[in-house]
Amino acid sequence: MKKIFLALLTINFLALFVFAQNDKPVADWQELAPAGEEFRIEVPAAFKAGTYENPKTKSVSRSYVNLFEGTFYYIMTDSPENPVQMKMALNFAYEHEPNGSSPIVGGFEARKFVFSDNDGFFNTILIVNGKNRYYVFQTASPIRDDPSVVRFFSSLRFGPKEAETKPEIPQNPNAVVVSVPPADINLSSAGQTIEEKQPAPVSKPSAPPVSPNQPTDQVLVVKRVPAPVEKTGSGNGIGNGDGRGNGTGNGRGQGNGEGSGDGPANPPKPPIVTDTPVKILSKPRANYTDYARFYQVQGSVTLRVVFSANGSISSIAPITRLPFGLTQQAIIAAKQIRFEPATRNGIAYSVSKPVVYNFTIY
């Protein structure tokens, strides 16, 4: 087994197709029928192709891969002398589904495996023993019964594409052919110019004439002048008067006063709260799996981790995932995190935070 893994890991043509989670092509279904292959199949986007030739055996392996809406698509073909890709896919399938089924695809014997893994992906692997080569059709989808995966496998065909023939229309021997002469067309007016009559302009009605003797309306402004006021009057009057008065006054005053009362006192100052966040002491790295390296998967796995008040990791839940064992490797690494719990006023308490593990193939 180790020899198979080491031999497979030396194949570097898949490195051209390193998958990243931000790759999200637009759906553009098209038929893939590579030259030199025996199959044709519909794919949701243009696949990237690669070729590897073994320097010792001169055998050729080919690969067609892509990532569409979180689903990983693989098509791998091997020569019968060195079916390295087929063996890797078969080992991965047997680890999760030892039995599988044995359908006939395009007249060829095949092995089919459908299973879910511990990373939360739903896998379908179809291995076909073709006429001249081994063929592997494989998907890893985060969705059960993914419609794109169903269409991908249902469109698989082997052999040359049938030529499209148009159905022949049967001839009726009793049919009577009737020829219809063209209708007579009067061309006597040919060469004549037909004048297009323009509509007469519509004249606006003119204002009626004004006679010089006709009276016109005039506005008269009348200014009212007030009448003069006559003033008349007469009268006599005599008057005498005396007045006298004295007055004095003094004033003095003294006064003292005291007062007291009850009212609401100023609110006390709030206590000072001292928060200390979680302090990570060590965060072990997550390991790559051999399958993830072979299938050239890279990206990030995000976990929701609960850092308990007692200093232990109490629960871990994946937020984003990667297949071929990378999600499980991230969980294993997160369980080994050492930390100091968060505190509030010196009292430890539990808190949950996201933790990200990045996987990169160098």
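In terms of my numbering, the sequence shown has 223 at position 98, counting the first letter as 1, and numbering is strictly consecutive.
Here a beta-carbon is modelled for each residue, glycine too, at the ideal position from N, C-alpha and C.
Whether residue i touches residue j by CB criterion (8 Å)
i: Ile441; j: Val426; result: no
i: Arg446; j: Pro267; result: yes
i: Leu428; j: Pro396; result: no
i: Val274; j: Thr196; result: yes
i: Val398; j: Val476; result: no
i: Gly255; j: Glu194; result: no
i: Phe283; j: Gly231; result: yes
i: Thr202; j: Ser184; result: no
i: His221; j: Phe233; result: no
Beta-carbon contacts of residue i that lie in its chain and below 6 Å, excluding the five residues immediately before and after
i: Pro307; result: Reliability of the predicted coordinates at Pro307 is poor, the pLDDT of 44 falling under 50, and the value obtained from them is presented with this limitation in mind. Result list for Pro307: empty, nothing under 6 Å.
i: Gly245; result: Arg446
i: Ala152; result: Pro169
i: Ile200; result: Tyr189 and Phe262
i: Ile444; result: Thr427 and Arg429
i: Ser433; result: Ser439 and Ser475
i: Gly436; result: Pro466
Beta bridge counterpart(s) of residue i as assigned by DSSP
i: Gly175; result: Ser188
i: Ser204; result: Partner(s): none; Ser204 has no beta bridge.
i: Lys478; result: Val430
i: Asp155; result: According to the sequence displayed, residue 155 carries Gln and not Asp. BP columns for Gln155 point to Val168.
i: Arg469; result: Asp400 and Ile472
i: Lys237; result: Ser226 and Leu251
i: Tyr259; result: Asp203 and Asn254
i: Phe193; result: Thr196
i: Asn483; result: Ser425
i: Ala265; result: Phe197 and Asn248
i: Arg282; result: Arg165
i: Pro443; result: Leu428
i: Ile438; result: Phe432
Same chain only: Cβ atoms within 7 Å of residue i, ignoring 5 sequence neighbours per side
i: Gly358; result: Confidence at Gly358 is low in this model, with a pLDDT of 44, below 50, so the placement of that residue is unreliable and no value is reported for it.
i: Tyr416; result: Phe217, Phe449 and Gly450
i: Gln453; result: Asn243 and Asp244
Length of the line joining the Cα atoms of residue i and residue j
i: Pro223; j: Val481; result: 33 Å
i: Pro466; j: Ala455; result: 21 Å
i: Ala206; j: Asn179; result: Rather than Ala, the amino acid found at residue 206 in this sequence is Glu. So the two alpha carbons sit approximately 10 Å from each other.
i: Val422; j: Thr414; result: 10 Å
i: Ala235; j: Ala473; result: 59 Å
i: Leu281; j: Asn243; result: 28 Å
i: Thr401; j: Asn470; result: 8 Å
i: Pro228; j: Lys237; result: 7 Å
i: Ala160; j: Ala458; result: 45 Å
i: Asn248; j: Asn191; result: 15 Å
i: Gly424; j: Asn391; result: 58 Å
i: Leu251; j: Asn483; result: 30 Å
i: Ser204; j: Glu156; result: 23 Å
i: Tyr420; j: Ser279; result: 23 Å
i: Arg269; j: Pro393; result: 60 Å
i: Pro158; j: Lys181; result: Note on identity: in this sequence residue 158 is Ala, with Pro being the wrong assignment. So the alpha carbons of these two residues sit roughly 28 Å apart.
i: Thr468; j: Leu215; result: 51 Å
i: Trp154; j: Ala171; result: 8 Å
i: Tyr219; j: Pro285; result: 32 Å
Residues of its chain near residue i, where Cβ-Cβ distance is below 8 Å and the 5 sequence neighbours each way are ignored
i: Phe277; result: Ile166, Glu167, Val168, Pro169, Tyr198, Phe262 and Thr264
i: Ile405; result: Ile462, Arg463 and Phe464
Min CB distance residue i to chain B below 8 Å
i: Val261; result: This model lacks chain B altogether; it includes just one protein chain.
Residue i beta carbon near the ligand NAP (any heavy atom closer than 7 Å)
i: Ser475; result: The ligand NAP is not part of this structure, which contains no ligands at all.
Examine the Cβ distances between the stretch 399 to 411 and the stretch 461 to 471 and report whether three or more of them are shorter than 8 Å.
yes
Do the stretch 256 to 265 and the stretch 207 to 219 touch if we need at least three Cβ pairs shorter than 8 Å?
yes
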